[in-house]
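Numbering (this note's numbering), first residue to last: 43 to 434.
Here's the structure, in structure tokens; my notes come after.
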Amino acid sequence: MESTAYLRTLYPKLANGTLTEAELDWLLAYFDAGSPEALYALVRAELVLPDAPGKPSTVAEAEALRRVHDQIEQAIGSLPTPVHTGIWMRRLIPYAAAVILVAFTAIWFLRDNPVGIQQPVDANVQDIKPGGHRATLTLADGRVIDLSESQSGIVIADEITYLDGTSIADGRKQKMDTHQMVLSTPKGGTYQITLPDGSKVWLNAQSTLKYPSRFVGNERVVYLDGEGYFDVAERQDTYNKRIPFKVITDSQTIEVLGTEFNVSAFPDEQQTKTTLVKGSVRLSLVSHPKSIVLLPGQQSVLSGSTFDTRNVNTYQYTAWREGYFFFKRTPLEDVLRQVCRWYDVEVEYRNGIPNDIFGGQIKRDVTLLGLIEILQVSNIDITLEGRVLKVN
């Protein structure tokens, strides 16, 4: 079968994660050997773009292509030498597929938004660094501790420590009775916490987790505002009965036994999204007994008092924990909302909110001007003035 035709048959499988080992090998070999011109023609053919010559037609398209090709080469070069065992390949496929998917997603905008003239970034504009490990811990007595930016998380046990064992609060041992504490991340901050039961939570920017210093009784309850990724440990009582774990937001309660899932419940968004990676969870409304159960690979979208369940690529909603923005036909307004939280900036739409959509994967450690350049390649007229993104 001709390469382009074969690639078209693989693209849906690549997007939904059902590639076989042989198909993955073919893709890795093809992109490793392909030239930038061949890759460009291939992508344009896949996207059914008219007039697909072997070379890009504009400077902006050439720059987009160069970046995509460089990303692919770097990613393939970082992959370990293949050892063709079933277990190794199963672990590799999701990562390798995500790498190759860059070749498509990074040029989706060539279809969705025809490339125009790219506005150069003003050399006099001060760049803004990306977010990092920033958070505060509020103790029961009201003290607020600014957590170290050189650390990435804390552990709540008989005392409060960082992940490396370093004690918090000036090195003093914090022997704790049962009381509520709060971990908060600002705009541009993310932090991890290991709860007293061993469950782990990663907080995204501008999020808050309220939790007890010890879990007692027949359930474990925490309160989330914003976005968090949960890896819940199974726990049993003295009668070997599982102790449920509950995450409560303003609009819903999530009950789990042992699972991994992501919750996005920001006050400035009209929807609460719960994405299940593995295990199972039961969701119910705070104000109503109505409930639903999610299975792995499913997402619940809560709008008002209505749950909408759908199958999704979970990586799209959990990539932030791995250090990436991941967009798939995402409205520009949603893209910039995430950008503003991470870089601690505001956005101003001068002529209303555009209907642009964006696709691609971007590392969250890129500076803001670097991210703006990527958006400009997709024909989004956006500039930075101080700490405000101006969209025309």
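Every residue gets a Cβ at the ideal spot worked out from N, C-alpha and C, and that includes glycine.
- For the pair of segments examined, the region 341 to 349 was found not to touch the region 395 to 415: the number of CB pairs separated by less than 8 angstroms stays below three.
- For Ile285, DSSP assigns no beta-bridge partner whatsoever.
- Uninterrupted beta strand (DSSP E) stretches at least 3 residues long and entirely within the region 166 to 249 occur at 178 to 180, 186 to 188, 195 to 198, 202 to 204, 222 to 227, 231 to 236 and 242 to 245, given in chain order.
- Going by C-alpha positions, Leu374 is about 11 angstroms away from Tyr391.
- Among the bridge pairs identified by DSSP, Asp273 is matched with Lys242 and Glu302.
- Excluding five sequence positions before and after Gln358, the CB atoms of its chain that fall closer than 6 angstroms to its own CB belong to Phe368 and Lys370, given in chain order.
- For Thr425, the three-state secondary structure derived from DSSP is strand.
- In the assembly as shown, Arg262 is a buried residue. Its beta-carbon has 16 or more other beta-carbons within 10 Å.
- Linking Lys229 to Ser420 through their CA atoms gives a straight-line distance of about 26 angstroms.
- For Asp407, no alpha helix (DSSP H) encloses it, and the DSSP letter there is neither H nor E.
- By the neighbour-count definition (other C-beta atoms within 10 Å, threshold 16), Asn304 is a buried residue.
- Its chain contains Ala177, Tyr233, Leu245, Ala247 and Ser249 as the residues whose beta carbon lies nearer than 6 angstroms to that of Thr227, once the 5 sequence neighbours on both sides are disregarded; these appear in chain order.
- Per DSSP, the beta bridge partners of Glu390 are Lys432.
- Here the C-alpha atom of His330 lies approximately 18 angstroms from the C-alpha atom of Leu336.
- Close CB contacts of Ser326 within its chain, under the 7 angstroms cut and outside five residues either way in sequence, are with Gln294, Thr295, Lys332 and Ser333 (chain order).
- Straight-line measurement puts the Cα of Asp206 at about 30 angstroms from the Cα of Thr291.
- Straight across, the Cα-Cα distance linking Leu181 with Gln168 is about 37 angstroms.
- Secondary structure of Thr295 (DSSP, three-state): strand.
- Going by DSSP, Asp376 is part of the alpha helix (DSSP H) stretching over Leu374 to Tyr385.
- Taking Glu311 as reference, the option from Asp188, Gln278, Phe287 and Gly268 with the minimal CA-CA separation is Gly268.
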